[in-house]
Amino acid sequence: TWLKHLNVEECVLIVYSSSVRTFPADGSVADVRGSAGKSKRDELMRQLQTVKPGGWTNTLDALRKAYEYDVDTVLLFTDGAPSRASSGAYDERIAQQIYALSREHANVPINTIGLGNYFDENMATFLRTVASLTGGTFRGE
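For the record, in the sequence shown the residue sitting at position 7 is 7 according to our numbering, with numbers rising by one throughout.
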């Protein structure tokens, strides 16, 4: 339900696990203002309901995809720290690549939100670091 109440004018949702997908599916930016925006938000919610959890946490490619857009803010919701294996094991090398990418785009705040039962110290440290590198905030303890 967060999408219904999020105070944004435009958005694209980037969903990631082993792969990265966008909603709207064509990768366009959805105008979610006004009454027409309500129906667009409802459509995005329907599309999100088709997503099944699973795979690893491909945060690096998700952020690369986000930076392809002219964004002024990124909201990073995740249920795991960055990984490259279905085990979901934290990968420090990938975290360092994400930190470097975040520094390159430090003018775009990343607000990080940790979700689910995979929340641990590695994930918390990772999310805090990404947020602090970009002037964003962290939620999730």
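Each residue gets a CB set at the ideal place from its N, CA and C atoms; glycine is no exception.
- Item | Residue range of the alpha helix (DSSP H) that includes N122 | 121-134
- CA nearest to the CA of I142, picked from L133, S132, H105, L76: Shown here, the chain extends from 1 to 141; a query on residue 142 therefore has no answer.
- Message: Contact between the region 52-63 and the region 79-98 is defined here as three or more beta-carbon pairs at a separation below 8 angstroms; is this criterion met?
- Response: yes
- Report the residue from E10, R139, K4, A85 whose alpha carbon sits nearest the alpha carbon of T73. E10
- Item | Range covered by the alpha helix (DSSP H) that runs through R84 | Element bounds for R84: n/a, residue is neither H nor E.
- Query: According to the Cβ coordinates, are V15 and V71 closer than 8 angstroms?
  - Reply: no
- Message: For the alpha helix (DSSP H) containing G27, name the first residue and the last one.
- Response: Careful: G27 lies outside any alpha helix (DSSP H) and carries neither H nor E.
- Message: What would DSSP say about R33, mapped onto helix, strand or coil?
- Response: coil
- Item | Bounding residues of the beta strand (DSSP E) (the contiguous stretch that carries T112) | Under the DSSP assignment, T112 falls in the beta strand (DSSP E) whose first and last residues are 110-114.
- Item | Which residues DSSP lists as bridging I14, in chain order | T22
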